[in-house]
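A.B. asks:
There are 2 protein chains.
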Amino acid sequence: MTLNETLSRLKEQGVKITPQRLEILKVLLGEERYYSAEEILKKVQKHYPAVSFDTVYRTLYLFKKIGLVLELNFQGGYRRFEFNHEDKHHHHLVCLKCGKSKKLSFCPTDCLARIKEEHPEFAVTSHSFEIYGYCRGCRES
Amino acid sequence: MTLNETLSRLKEQGVKITPQRLEILKVLLGEERYYSAEEILKKVQKHYPAVSFDTVYRTLYLFKKIGLVLELNFQGGYRRFEFNHEDKHHHHLVCLKCGKSKKLSFCPTDCLARIKEEHPEFAVTSHSFEIYGYCRGCRES
DNA sequence: AACGAGATCGGAATAATTCCAATCTAGGAG
DNA sequence: CTCCTAGATTGGAATTATTCCGATCTCGTT
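Protein chains in written order, with this note's numbering: chain A, 1 to 141; chain B, 142 to 282.
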């Protein structure tokens with residue numbers, strides 16, 4: 001998704017577009033990967049030195065509510081955020097030693113369909129699917 | 142798994158069995174559900190008032206390394222721990238509003254098989270699969 | 001250009017987790 | 001059974017991540 005498409009979407013939702021929010025969006029759209037709240041803060045502060053953690057967190061949760069951002073919770077309690085490139089949503093192979101992760105191209109769609117059938121009373125909005133183990137490098141050392 | 146089976150397994154691994162560890166195991170085996178570190182601490186302190194958080198965390202990570210305990214990371218950054226009833230491992234439907242969760246009976250096994258085929262260099266040890274949404278109660282209110 | 005709902009700031013508060021030095025103990029060796 | 005030591009525990013402090021809050025500011029409508 002482009003920045004402009006994203007901005008229209010924010011306007012549709014009646015969300016104010018502030019310079020800080022714009023900058024956070026640019027960071028998220030910059031590289032297609034996930035970020036910690038702190039990384040985002042640091043990058044945004046290059047342009048707006050006064051931005052606070054509060055703003056970063058509030059904005060991320062706002063974006064998450066709208067569906068623009070995904071929150072990932074990895075083993076060890078690491079929280080990360082990434083832009084939701086919708087059609088391209090993905091999962092990860094996460095190395096338990098070095099912590100690096102690799103994107104996967106597919107998703108347990110069949111299971112989700114089955115879950116929805118079996119639990120019609122539950123309104124599914126999202127899911128997580130992460131695979132843990134050891135990457136080649138870490139296994140060899 | 143029973144307590145005795147678990148203890149033999151610890152001995153096999155050359156892990157010391159201390160009263161604190163025993164008590165933590167009893168908590169985990171007591172009810173088949175997941176616990177926060179604090180819940181475990183509180184329960185253990187009923188018998189050993191002096192137990193510290195440090196011990197609870199160290200023990201949980203030790204058990205996790207051995208494969209006795211699973212760490213669950215939910216949306217919002219909540220970390221929980223549960224005994225790994227191996228053959229009966231399971232996933233959850235988690236309500237984003239009230240936070241309650243319901244166990245699911247199945248698991249994206251097919252996907253895992255495919256992932257292992259496509260990424261043979263990665264040694265998979267575990268995975269997480271959590272489904273988020275709103276439960277009936279929360280949707281109605 | 002003025003207004004007001006909502007956003008931001010900075011710093012303090014809270015919560016979760018880890019660290020550490022001193023002390024203790026499980027369980028193997030004798 | 002006792003001794004011994006590697007490893008475990010404790011309590012409290014340190015660290016880290018996240019949230020809260022009162023004062024101030026600003027986007028976007030009128």
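All C-beta atoms in this analysis are idealised placements derived from N, C-alpha and C, irrespective of residue type, glycine included.
1. Run down chain A in chain order and give the residues with a C-beta less than 9 Å from the C-beta of Glu212 (chain B).
2. Below 9 Å between beta carbons: does that hold for Asp110 (chain A) and Asp251 (chain B)?
3. Nearest by alpha-carbon distance to Leu209 (chain B): which of B:Tyr189, B:Gly278, B:Ser149, B:Glu281 is it?
4. Throw me the rounded Cβ distance for the Gly137 (chain A) and Asn214 (chain B) pair, which I believe falls under 8 Å.
5. Can you say whether Ile17 (chain A) is buried or exposed, counting buried as having 16 or more other CB atoms within 10 angstroms of its CB?
6. Return the CA-CA distance between Val27 (chain A) and Lys43 (chain A), expressed in angstroms with no decimal places.
7. Report the rounded CA-to-CA distance for Lys103 (chain A) versus Gln216 (chain B), giving the unit in angstroms.
8. Compute the beta-carbon to beta-carbon distance between Phe122 (chain A) and Gly274 (chain B), rounded to the nearest angstrom, for a pair I have assumed lies under 8 Å.
9. Rounding to the nearest angstrom, what Cα-Cα distance links Leu182 (chain B) and Gln13 (chain A) in this structure?
10. What residues of chain A sit near Pro190 (chain B), judged by a beta carbon separation below 7 Å?
11. In its own chain, which residues sit with a C-beta less than 7 Å from the C-beta of Glu129 (chain A), not counting the 5 before and 5 after it?
12. What three-state label does DSSP hand Cys236 (chain B) in the structure shown?
13. Can you name the residues of chain A whose CB is closer than 9 Å to the CB of Leu234 (chain B)?
14. Between Ser269 (chain B) and chain A, is any beta-carbon pair separated by less than 9 Å?
15. Please name the residue in B:Glu258, B:Gln186, B:Val235, B:Cys276 whose C-alpha comes closest to that of His127 (chain A).
16. Would you call the CB atoms of Phe224 (chain B) and Leu170 (chain B) closer than 9 Å?
17. Where does the unbroken alpha helix (DSSP H) through Arg171 (chain B) begin, and where does it stop?
18. Rounded to whole angstroms, what's the CA-CA distance from Lys206 (chain B) to Ile165 (chain B)? Just pull it up for me.
19. From B:Val197, B:His230, B:Ser193, B:Arg199, pick the residue whose C-alpha is nearest to that of Leu211 (chain B); which is it?
20. Since His85 (chain A) and Glu32 (chain A) should fall inside the 8 Å C-beta cutoff, what is the C-beta to C-beta distance between them, to a whole number of angstroms?
21. What residues of chain A sit near Arg277 (chain B), judged by a beta carbon separation below 9 Å?
22. Are the C-beta atoms of Gly208 (chain B) and some chain A residue less than 9 Å apart?
23. Taking CB distances under 9 Å as the criterion, tell me whether Phe247 (chain B) reaches chain A.
C.D. replies: By the coordinates alone:
1. As a working mapping, residue 212 (chain B) is identified with position 71 in the second sequence. Within chain A, the residues near Glu212 (chain B) are Gln75, Gly76, Gly77.
2. Counted from its first residue, the first sequence places residue 110 (chain A) at position 110. Counted from its first residue, the second sequence places residue 251 (chain B) at position 110. Against a cut-off of 9 Å, the Cβ pair of Asp251 (chain B) and Asp110 (chain A) comes out as a contact.
3. By 1-based counting over the second sequence, the position of residue 209 (chain B) is 68. A check of alpha carbon separations from Leu209 (chain B) across B:Tyr189, B:Gly278, B:Ser149, B:Glu281 identifies B:Ser149 as the nearest.
4. Locating residue 137 (chain A) in the first sequence gives position 137, counting from the first residue. Locating residue 214 (chain B) in the second sequence gives position 73, counting from the first residue. With 8 Å as the limit, Gly137 (chain A) and Asn214 (chain B) do not qualify as a contact, their Cβ atoms being about 24 Å apart.
5. For the purposes of this step, residue 17 (chain A) is taken as residue 17 along the first sequence, with counting starting at 1. By the neighbour-count rule (16 or more Cβ atoms within 10 Å), Ile17 (chain A) is not buried but exposed.
6. Locating residue 27 (chain A) in the first sequence gives position 27, counting from the first residue. Locating residue 43 (chain A) in the first sequence gives position 43, counting from the first residue. One C-alpha to the other measures close to 7 Å.
7. Against the first sequence, residue 103 (chain A) aligns to sequence position 103. Against the second sequence, residue 216 (chain B) aligns to sequence position 75. Lys103 (chain A) and Gln216 (chain B) have their C-alpha atoms roughly 19 Å apart.
8. The count along the first sequence starts at 1 and reaches residue 122 (chain A) at position 122. The count along the second sequence starts at 1 and reaches residue 274 (chain B) at position 133. Between Gly274 (chain B) and Phe122 (chain A) the Cβ distance is about 5 Å, and since that is below 8 Å, they are a contact.
9. Along the second sequence, one-based indexing puts residue 182 (chain B) at 41. Along the first sequence, one-based indexing puts residue 13 (chain A) at 13. A straight line joining the alpha-carbon of Leu182 (chain B) with that of Gln13 (chain A) spans about 44 Å.
10. Residue numbering aside, residue 190 (chain B) sits at position 49 when the second sequence is read from its first letter. Correct list: empty, because the minimum Cβ distance to chain A is about 27 Å.
11. For this step, residue 129 (chain A) is matched to residue 129 along the first sequence. Reading off the sequence shown, one finds Phe at residue 129 (chain A), where the question assumed Glu. Answer for Phe129 (chain A): His91, Cys107, Pro108, listed in chain order.
12. Walking along the second sequence from the start, residue 236 (chain B) turns up at place 95. Cys236 (chain B) falls in the strand class under three-state DSSP.
13. Residue numbering aside, residue 234 (chain B) sits at position 93 when the second sequence is read from its first letter. Simply Ile115, His119, Phe122, Val124.
14. Within the second sequence, residue 269 (chain B) is the residue found at index 128, counting from 1. Residue contact check for Ser269 (chain B) against chain A: a CB pair falls below 9 Å.
15. The count along the first sequence starts at 1 and reaches residue 127 (chain A) at position 127. Minimum Cα distance to His127 (chain A) is reached at B:Val235.
16. Position 83 of the second sequence, counted from the start, is the residue given in the question as residue 224 (chain B). Position 29 of the second sequence, counted from the start, is the residue given in the question as residue 170 (chain B). The answer is yes: Cβ separation under 9 Å.
17. What you label residue 171 (chain B) is simply residue 30 of the second sequence in a count that begins at 1. The displayed chain sequence assigns Gly, not Arg, to residue 171 (chain B). Counting along the chain, the alpha helix (DSSP H) containing Gly171 (chain B) begins and ends at 160 to 171.
18. Along the second sequence, one-based indexing puts residue 206 (chain B) at 65. Along the second sequence, one-based indexing puts residue 165 (chain B) at 24. Spanning the alpha carbons of Lys206 (chain B) and Ile165 (chain B) requires a straight line of approximately 15 Å.
19. Taking the first residue of the second sequence as 1, we reach residue 211 (chain B) at position 70. Leu211 (chain B) has its Cα closest to that of B:His230, out of B:Val197, B:His230, B:Ser193, B:Arg199.
20. As a first step, residue 85 (chain A) must be located in the first sequence, where it is residue number 85. As a first step, residue 32 (chain A) must be located in the first sequence, where it is residue number 32. The Cβ separation is near 7 Å, so the contact holds.
21. The residue you call residue 277 (chain B) lines up with position 136 of the second sequence. Neighbours of Arg277 (chain B) on chain A, chain order: Glu121, Phe122, Ala123.
22. Stepping through the second sequence from its first residue, residue 208 (chain B) is reached at position 67. Under the 9 Å criterion on CB atoms, Gly208 (chain B) is classed as non-interfacial with respect to chain A.
23. Within the second sequence, numbered from 1, the residue matching residue 247 (chain B) stands at position 106. So yes, Phe247 (chain B) belongs to the interface.
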